[in-house]
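Contents: one structure, followed by commentary.
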Amino acid sequence: MFFNVITERAGSLKIGLMGGTFDPIHVGHLVTAEEARQQFDLDYVIFVPTGVPPHKDEKRISLPEHRYLMTTLAVMSNPSFFVSRIEIDQEGPTYTIDTVKHFACGEEHGPELFFITGADAILEIFTWKDYEGLLRLCTFIAVSRPGYSLERFHETLNKNCPAMKDRVHLLEIPALAVSSTFIRERVALGKTIKYLTPEPVEQYIKKHGLYRMVS
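Numbering-wise, the sequence shown is residues 869 to 1083 according to our numbering.
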């Protein structure tokens, strides 16, 4: 199994962790993960669907099992992509620090970890649980899009969390006019989502009647 490989080869691996609700996962997520994998020479990217995100309304999120299965369907054609159940199998709110500690496999001999997230989210990291612990355990890949103000990013980062400046790498990806919210809204309106998400995910959404009503 893949996670046995992590344990056996931990010290020699570079692993990207990409968390999110993935409700649903879409091509933007996949493009981001592949770009990070190539630019930072990652061995694997592990997608981590959130269980109960502490910053989101649980009632407005699809069941964890749906989100896990859609993510699995989306990445199955890429041998460098895997999906973890670590957060969706936990009860109660889940926190990034706990997930990162799990994959660190013990700091001394663990893999080199890269946490992939949006640049705006990075600027709020000082509000995350035990963010100082995160800085010790992983490097951050801050994803931005063309036109994003890098000057503002660095100014805010230096002001709010100066210790992060050497632990953050910026990754600019192509601008893609797609989001999970956009997909849910189109499904609710009976519009096509073809090419916005992988076909197996599109078929899963249809089969299970997801997102037909958006409040």
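Think of the CB as a built atom: it goes at the ideal place given N, C-alpha and C, for glycine as much as any other residue.
C-beta atoms of residue i and residue j nearer than 8 Å
{"i": "I993", "j": "M1032", "result": "yes"}
{"i": "V895", "j": "T967", "result": "no"}
{"i": "K882", "j": "P1030", "result": "no"}
{"i": "Q958", "j": "L1039", "result": "no"}
{"i": "Q1068", "j": "L941", "result": "With the sequence shown as reference, residue 1068 is identified as Pro, and Gln is not the correct amino acid for it. In this structure, L941 lies closer than 8 Å to P1068 by Cβ."}
{"i": "T900", "j": "V1046", "result": "no"}
{"i": "L1005", "j": "A972", "result": "yes"}
{"i": "G960", "j": "V920", "result": "yes"}
Whole-angstrom distance between residue j and residue i, CA atom to CA atom
{"i": "N1028", "j": "T918", "result": "26 Å"}
{"i": "L981", "j": "S1048", "result": "26 Å"}
{"i": "M938", "j": "L1064", "result": "13 Å"}
{"i": "R1020", "j": "L1057", "result": "37 Å"}
{"i": "S1083", "j": "I929", "result": "With a pLDDT of only 47 at S1083, under the threshold of 50, the placement of this residue in the model should not be trusted; the figure read from the coordinates follows. When rounded, the distance between both Cα atoms is 12 Å."}
{"i": "P932", "j": "L1018", "result": "35 Å"}
{"i": "E1000", "j": "L1044", "result": "32 Å"}
{"i": "I1009", "j": "S945", "result": "24 Å"}
{"i": "I965", "j": "D909", "result": "23 Å"}
Classification of residue i by the beta-carbon crowding that lies within 10 angstroms, buried from 16 upward
{"i": "E1023", "result": "exposed"}
{"i": "T1060", "result": "exposed"}
{"i": "H897", "result": "buried"}
{"i": "R1052", "result": "buried"}
{"i": "L1078", "result": "buried"}
{"i": "P1066", "result": "buried"}
{"i": "T962", "result": "buried"}
{"i": "E995", "result": "The sequence shown places Thr at residue 995, not Glu. The residue in question, T995, is exposed, as its Cβ has fewer than 16 Cβ neighbours within 10 Å."}
{"i": "K1159", "result": "Nothing can be reported for residue 1159: it is not among the residues displayed for the chain, which extend from 869 to 1083."}
{"i": "R935", "result": "buried"}
Inset, instruction - With a floor of 3 residues, list each beta strand (DSSP E) that falls wholly inside the stretch 995-1059, ordered by position along the chain. - result: Those beta strand (DSSP E) runs which fall completely within the stretch 995-1059 and span 3+ residues are 1006-1012, 1036-1040.
Legend entry - Cβ contact (3+ pairs, closer than 8 Å) linking the stretch 987-1002 and the stretch 892-906: No, they do not touch.
Legend entry - the stretch 902-915 in contact with the stretch 948-968 per 3-pair CB rule at 8 Å: Contact check between the stretch 902-915 and the stretch 948-968: three or more CB pairs, one atom from each, fall below 8 Å, which counts as touching.
Legend entry - Contained beta strand (DSSP E) runs [length at least 3] in the stretch 908-960, N- to C-terminal order: If we require 3 residues or more, the beta strand (DSSP E) runs fully inside the stretch 908-960 come out as 912-917, 949-951.
Legend entry - Every unbroken beta strand (DSSP E) inside the stretch 1057-1082 [3 residues or more]: Entirely contained in the stretch 1057-1082, not one beta strand (DSSP E) run reaches 3 residues.
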